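Trainee:
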Amino acid sequence: MKPTETPESTSLFQESWRTFKKNRMAWFSFTFLVGLTVFAIMGKIVTHSVASFDPSAIRLADKFIPPLTTYEDKGDGQGLSPVFGVYWLGTDDLGRDVLSRMLEGTSVSLTVGIVAVGISLIVGIGMGGLAGYYGRKKLLFITVDTLIMRIVDIMLCFPAFFLILTVVALLPPNIYNIMIVIGLTGWMGTARFVRAEFLALREQDFVLAARSQAIPEWRIIFIHMVPNAMAPVLVSAVIGVATAILTESSLSFLGFGVQPPDATWGNILSDGKQFIFDAPWITFIPGFSILVVVLAFNLCGEGLREAFNPRLRRQR
Amino acid sequence: MLRFIFNSVGQRVVLLIFISFISHAIIHLAPGEPSLVDPSNPRLKPEDIQKIRSAFHLDDPLHVQYFYWARDLISGDLKSFKDNQPVLAKIWERFLNSFPLFLVATILTWTLAFPLGVRSALTQGSVFDKVSTFMSYALISIPGFFLSYICIIVMVKQFHFPVIGMKTFGLENAGTMVSIMDRLEHIALPAFMSAMGGIAILSRYVRSQMLETLNQDYIRTARAKGLSEDTVVYHHGLRNALLPFITLFGLMIPGLIGGSVIFETIFAWPGMGRLGYEAILSRDFPIILTLNFFAAALALVGTLISDILYAVVDPRIKL
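In order, the protein sequence lines correspond to chains Z and W.
The first sequence begins at 1 in this note's numbering and counts up by one.
The second sequence begins at 1001 in this note's numbering and counts up by one.
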């Protein structure tokens, strides 16, 4: 009754996935990031619903308390005990619990990174796809491809951080503007990758087959071609999240980042820097958190790059 | 060759004009104006605001404002909104401060990244390779200003090393040697901090480029001929691995303006990045626009230089 044994077929994706798992650092980073996402969601829920986690609860009597100090009720009516009665990560200049601010900041920082990269992916895939697929169409006197690639060149000539700074400083500072600006200044790499992939894919037989079946063009582009062009895009997206988190923290440092009372790791860090001698933990905790998370994103991205690129794989 | 240079210069000039259109439009269309910087000032009456606006041509249509900006830039009497000083002189003065910092940082980057990268490629998989790989990822991942603060604390507390500004206050009458040493001490930390990211990225590139070259057939041939390992690695390997870095060298030139905002702010270094930051805070449009323009021009010059150098160095590329 058993069908004849055939060797288990592995798709390209499975093979890449296996290589990725073998890279211990990258796999560890990946699981860490998955854990962090869960942590961020929990943090979001907890800081909004549980009173003792309230990140904006100000206890002026308890400012600059070092980490791991037990809470004492002074009976001054401000009594709002932190979790389990211990300031696990200390308090800041207004007596706010650094642990709950970090918890709130986790989700905000990750959201800034992910949404910014999402925006740059949408624009990048759109522009790159247009240039790659409709590249030969003529608009008046130049081709679509030339037009789009010249736009990419122009965007690349702006000093990125200076442009972000200019726009963020002129716009009203809120979290959405920051995400949009970071996203809109970071799509050029994606557009180039997607265009290059599309130029190669356009000539492949499966696209010709799809076209011969009169499948609508948007379906060919989005169902047949985009998934095949995703590998380099995914790599640059993962590394892009890391860059976006760093950019947000740099903006916070200059005072243009996400504004209080919203906490992000970047603005906890830059608020803490004035008290670096008296209360080093306010600076060091967010600083090292950013380091670890960005490092995880970078290592994960490198692992993916290696897994998707057979040429690099053979070298090991 | 000449034709190629001529063509690409032409293309880049057109690109530069487009860039100046766009940056002009972005800056003027975004909300926020020089007249709105200090809204709580009680002495600022509506008619004063009107006077300011008309003095800066802010009521004219965009293309007319662009024309005024371009005319003043070319004739050289573009004035800052803030203090009515000529913009070009201001930028030049700041450039003279930024340039040494950029130069030292670039030298540090290139002299440290290459030995690191080559060595970790030659000892692939060793402890040195693993540690340097991990360190360079860590250096890319740490926020630059956070690392700088740690270094400042260590340097100031342990070594009483001067870290802020360009020179020690009150040393104007000191001898030449003393003031040169003073300048060097002040430049060391900022330059090293701004070089950090570059060292990390560049040494990774060098490593992968070197690995790829060492796997080539001509390296095997060279080994088979019985050449010494040094000749194989440095003469046949490294020389060929160097090619792509010529492109990178050109691409680093725009870092002169854009990459330095954070570090110049931390170390109170009066350079161009800080000038831009201050101009943004006070909505000083002429300075923002001109700096943006120069930054774009530098980026274009950088790509041009790298194209030309590439053609000069690599005989396989014909222009």
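Ideal Cβ placement from N, Cα and C applies to all residues, glycine included.
In this text, all values refer to a predicted model and were calculated from it rather than measured experimentally.
Can you find a CB in chain W that lies within less than 9 Å of the CB of Z:Phe-161?
Mentor: Here the question's residue 161 of chain Z lines up with position 161 in the first sequence. Look at Z:Phe-161: its C-beta is under 9 Å from a C-beta on chain W.
Trainee: Can you check whether the CB of Z:Ser-100 is closer than 9 Å to the CB of Z:Leu-295?
Mentor: Residue numbering aside, residue 295 of chain Z sits at position 295 when the first sequence is read from its first letter. Residue numbering aside, residue 100 of chain Z sits at position 100 when the first sequence is read from its first letter. No. Outside cutoff.
Trainee: Between W:Trp-1092, W:Gly-1226, W:Leu-1202, which has its C-alpha nearest W:Thr-1247's C-alpha?
Mentor: The residue you call residue 1247 of chain W lines up with position 247 of the second sequence. The residue with the shortest Cα to Cα distance from W:Thr-1247 is W:Leu-1202.
Trainee: Any beta-carbon of chain Z closer than 9 Å to the one on W:Phe-1095?
Mentor: Position 95 of the second sequence, counted from the start, is the residue given in the question as residue 1095 of chain W. Chain Z contact via Cβ: absent.
Trainee: Which residues, in order along the stretch 1187-1205 of chain W, keep a beta-carbon less than 7 Å from a beta-carbon of chain Z?
Mentor: none
Trainee: Going along chain Z in order, which residues have a C-beta closer than 7 Å to the C-beta of W:Ser-1179?
Mentor: To locate residue 1179 of chain W, count along the second sequence from 1; it is residue 179. Per Cβ cutoff of 7 Å: no residues; W:Ser-1179 is ~30 Å from chain Z at best.
Trainee: To the nearest angstrom, how far is it from the Cα of W:Leu-1062 to the Cα of Z:Met-225?
Mentor: Stepping through the second sequence from its first residue, residue 1062 of chain W is reached at position 62. Stepping through the first sequence from its first residue, residue 225 of chain Z is reached at position 225. Spanning the two alpha carbons is a distance of roughly 42 Å.
Trainee: Hey, Z:Phe-20 and Z:Ala-307 are a contact pair by Cβ (cut 8 Å); roughly how many whole angstroms apart?
Mentor: Here residue 20 of chain Z refers to the residue found at position 20 of the first sequence. Here residue 307 of chain Z refers to the residue found at position 307 of the first sequence. Right, their Cβ atoms sit about 4 Å apart.
Trainee: Could you name the residues of the same chain whose beta carbon sits closer than 7 Å to that of W:Leu-1015, not counting the 5 residues immediately before and after it, in chain order?
Mentor: The residue given as residue 1015 of chain W occupies position 15 in the second sequence. Closer than 7 Å at the Cβ level, and outside the excluded window around W:Leu-1015, lie Leu-1300.
Trainee: Going by alpha carbons, who is nearest to W:Ala-942 out of W:Phe-1267, W:Leu-1304, W:Pro-1286?
Mentor: Summary: the structure shown does not reach residue 942 of chain W, with chain W confined to residues 1001 through 1319, and so no result is reported for it.
Trainee: Along the stretch 1125-1143 of chain W, what residues have a CB closer than 7 Å to any CB found in chain Z?
Mentor: Tyr-1137, Ala-1138, Ile-1140, Ser-1141, Ile-1142, Pro-1143
Trainee: Is Z:Val-258 helix, strand or coil by DSSP?
Mentor: As a first step, residue 258 of chain Z must be located in the first sequence, where it is residue number 258. Looking at Z:Val-258 - three-state DSSP - the assignment turns out to be coil, as it is neither helix nor strand.
Trainee: Would the beta-carbon of Z:Thr-264 fall within 9 Å of that of Z:Phe-161?
Mentor: Translated into positions along the first sequence, residue 264 of chain Z becomes position 264. Translated into positions along the first sequence, residue 161 of chain Z becomes position 161. Cβ atoms of Z:Thr-264 and Z:Phe-161: not closer than 9 Å.
Trainee: List the residues that DSSP assigns as beta-bridge partners of Z:Tyr-87.
Mentor: Counted from its first residue, the first sequence places residue 87 of chain Z at position 87. Per DSSP, Z:Thr-69.
Trainee: If the cut is a Cβ gap below 7 Å, which residues of chain W does Z:Asn-317 touch?
Mentor: Beyond the ends of chain Z as shown, which are 1 and 316, falls residue 317 of chain Z; an answer cannot be given.
Trainee: Does W:Met-1155 come within less than 9 Å of chain Z when only Cβ atoms are used?
Mentor: Mapped onto the second sequence, residue 1155 of chain W falls at position 155. So no, W:Met-1155 is outside the interface.
Trainee: Can you find the residues in the same chain that come closer than 6 Å, C-beta to C-beta, to W:Gly-1198, ignoring five residues on each side of it along the sequence?
Mentor: Looking up residue 1198 of chain W in the second sequence gives position 198. Closer than 6 Å at the Cβ level, and outside the excluded window around W:Gly-1198, lie Thr-1109.
Trainee: Between Z:Ser-109 and chain W, is there a C-beta pair that is closer than 9 Å?
Mentor: The residue given as residue 109 of chain Z occupies position 109 in the first sequence. No, no contact with chain W.
Trainee: Can you look up W:Met-1001 in the DSSP assignment and give me helix, strand or coil?
Mentor: One-based indexing of the second sequence puts residue 1001 of chain W at position 1. The answer is coil: DSSP assigns W:Met-1001 none of H, G, I, E or B.
Trainee: Starting from the beta carbon of Z:Ala-242, find every residue of chain W whose beta carbon is closer than 7 Å, and list them in chain order.
Mentor: One-based indexing of the first sequence puts residue 242 of chain Z at position 242. What Z:Ala-242 touches in chain W: Ser-1141.
Trainee: Considering only their Cβ atoms, is the gap separating Z:Lys-63 from Z:Thr-91 smaller than 9 Å?
Mentor: Taking the first residue of the first sequence as position 1, residue 91 of chain Z is located at position 91. Taking the first residue of the first sequence as position 1, residue 63 of chain Z is located at position 63. Z:Lys-63 is positioned such that its CB atom lies closer than 9 Å to that of Z:Thr-91.
Trainee: List the residues of chain Z that W:Ile-1257 touches, going by C-beta distances under 7 Å, in chain order.
Mentor: Indexing the second sequence from 1 puts residue 1257 of chain W at position 257. Residues of chain Z passing the Cβ test: Pro-159, Phe-162.
Trainee: Measure the alpha-carbon distance for Z:Gln-315 versus W:Asn-1215 and round it to whole angstroms.
Mentor: Residue 315 of chain Z sits at position 315 when you count from the first residue of the first sequence. Residue 1215 of chain W sits at position 215 when you count from the first residue of the second sequence. Any reading at Z:Gln-315 must be qualified, since the residue scores a pLDDT of 47, below 50, and its modelled position is unreliable; the value itself is stated next. Computed Cα separation, rounded: 9 Å.
Trainee: Quick one: what does DSSP say W:Pro-1100 is sitting in, helix, strand or coil?
Mentor: Indexing the second sequence from 1 puts residue 1100 of chain W at position 100. W:Pro-1100: helix per DSSP, three-state reduction.
Trainee: Please list, in chain order, the chain Z residues whose beta carbon lies closer than 9 Å to that of W:Asn-1292.
Mentor: Position 292 of the second sequence, counted from the start, is the residue given in the question as residue 1292 of chain W. Going along chain Z in sequence order, the residues near W:Asn-1292 (Cβ under 9 Å) are Phe-158, Pro-159, Phe-162, Leu-163, Thr-166.
Trainee: Quick one: what does DSSP say W:Lys-1225 is sitting in, helix, strand or coil?
Mentor: Position 225 of the second sequence, counting from 1, holds the residue named residue 1225 of chain W. Coil.
Trainee: Of all the beta strand (DSSP E) runs that stay within the bounds of the stretch 1275-1300 of chain W, which reach a length of 3 or more residues?
Mentor: none
Trainee: Could you please give me the residues that DSSP links to Z:Leu-139 through a beta bridge?
Mentor: In the first sequence, counting from the first residue as 1, residue 139 of chain Z sits at position 139. For Z:Leu-139, the pairing in a beta bridge is given by DSSP as Z:Ile-142.
Trainee: Give the secondary structure of Z:Gln-315 by DSSP, where H, G and I count as helix, E and B as strand, and everything else as coil.
Mentor: For the purposes of this step, residue 315 of chain Z is taken as residue 315 along the first sequence, with counting starting at 1. Below a pLDDT of 50, predicted positions are generally treated as unreliable, and Z:Gln-315, at 47, falls in that range; the measurement from the model is reported next regardless. The answer is helix: DSSP assigns Z:Gln-315 an H, G or I state.
Trainee: Mind checking if W:Pro-1254 is an interface residue toward chain C, Cβ cutoff 9 Å exclusive?
Mentor: Included in the structure are the protein chains Z and W, with no chain C among them.
Trainee: Run through chain W and tell me which residues come within less than 8 Å of Z:Gly-43, C-beta to C-beta.
Mentor: Locating residue 43 of chain Z in the first sequence gives position 43, where the first residue counts as 1. For Z:Gly-43, there are no C-beta contacts with chain W under 8 Å, since the nearest C-beta of that chain is about 21 Å from it.
Trainee: Go ahead and pull the three-state DSSP assignment for W:Lys-1082.
Mentor: Translated into the one-based positions of the second sequence, residue 1082 of chain W becomes position 82. The answer is coil: DSSP assigns W:Lys-1082 none of H, G, I, E or B.
Trainee: Which class does Z:Asp-97 belong to by DSSP, given the choice of helix, strand or coil?
Mentor: Here residue 97 of chain Z refers to the residue found at position 97 when the first sequence is read from its first residue. Note: Z:Asp-97 maps to strand in three-state DSSP.
Trainee: Answer with yes or no whether the minimum CB distance from W:Ser-1023 to chain Z is below 9 Å.
Mentor: Within the second sequence, the letter at position 23 stands for residue 1023 of chain W. It does; some Cβ of chain Z falls within 9 Å.
Trainee: Would you identify the three-state DSSP class for Z:Lys-63, choosing helix, strand or coil?
Mentor: In the first sequence, residue 63 of chain Z corresponds to position 63, counting from 1. Of the three classes helix, strand and coil, the one that applies to Z:Lys-63 here is coil, per DSSP.
Trainee: Where does Z:Phe-308 fall in DSSP's three states?
Mentor: In the first sequence, counting from the first residue as 1, residue 308 of chain Z sits at position 308. Z:Phe-308 falls in the helix class under three-state DSSP.
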